[in-house]
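Peer 1: This structure is in structure tokens; I'll ask about it shortly.
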Amino acid sequence: MRRTVQVMLVVAIVIDVAYWTTWALARDVLASSHREAYYEFENAFPLADLWLAVACAGALVAVTRGSVRAPLWLTAAGAAGLYLFGMDFLYDVEHGIFLSGGGGVVEAVIVALTLVFSLTMLVHGWREDGRARERDSQASLADA
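Quick note on numbering: the sequence shown equals residues 0 to 143 in numbering that gives the first Met the number 0.
Right, dumping it as structure tokens:
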């Protein structure tokens with residue numbers, strides 16, 4: 000599972016950077032709608048997505064090193080992704096984006112991947128935390 004999580008973290012960072020680079024250079028390629036309100040909505044996301052990328056990078060480093068900080072960073076990445084999922088999903092449902100043709104399909108895939116990614120990071124983070132607590136508990140018993 001560790002390798003899967005590492006790959007997912009790398010893919011998330013790459014997609015994040017690619018998405019915002021494309022949005023900056025040719026946003027019409029990605030836009031699911033061409034209403035000004037949609038552009039304003041999307042333009043509110045870069046800072047949150049930057050935090051997601053930072054959390055993913057922290058998680059990737061921590062998981063790769065087997066650091067005790069892995070649960071923290073995995074939880075940060077999962078929570079950030081889950082928040083972004085909620086914002087995106089609700090907007091898309093309220094504005095019929097998922098029903099808007101090819102762009103809507105792309106948006107649905109992004110939203111679904113964000114949900115799967117986020118839940119995977121949270122579950123893995125919680126499992127890692129449980130393992131760390133078990134190791135600490137066993138070490139405490141051995142010291143007694």
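Where is the CB? At the ideal position from N, CA and C, for every residue including glycine. As the structure is a computational prediction, the values presented were derived from the model and not from experiment.
Assign L98 to one of two classes, buried (16 or more other C-beta atoms within 10 Å of its C-beta) or exposed (fewer than that).
Peer 2: Here residue 98 is taken as the residue at index 99 of the sequence shown, counted from 1. By the 10 Å Cβ count, L98 comes out exposed.
Peer 1: Can you grab the Cα-Cα spacing for the pair L121 / A79, in whole Å?
Peer 2: By one-based count along the sequence shown, residue 121 stands at place 122. By one-based count along the sequence shown, residue 79 stands at place 80. Going by the C-alpha atoms only, they are around 10 Å apart.
Peer 1: Measuring only the C-alpha atoms, how far is L83 from E133?
Peer 2: Within the sequence shown, residue 83 is the residue found at index 84, counting from 1. Within the sequence shown, residue 133 is the residue found at index 134, counting from 1. Between L83 and E133, the C-alpha separation is close to 32 Å.
Peer 1: Since G80 is in the alpha helix (DSSP H), which residue starts that stretch and which ends it?
Peer 2: Locating residue 80 in the sequence shown gives position 81, counting from the first residue. That run of the alpha helix (DSSP H) goes A69 to E93.
Peer 1: Would you kindly report the start and end of the unbroken alpha helix (DSSP H) that includes I12?
Peer 2: Against the sequence shown, residue 12 aligns to sequence position 13. Counting along the chain, the alpha helix (DSSP H) containing I12 begins and ends at R1 to L29.
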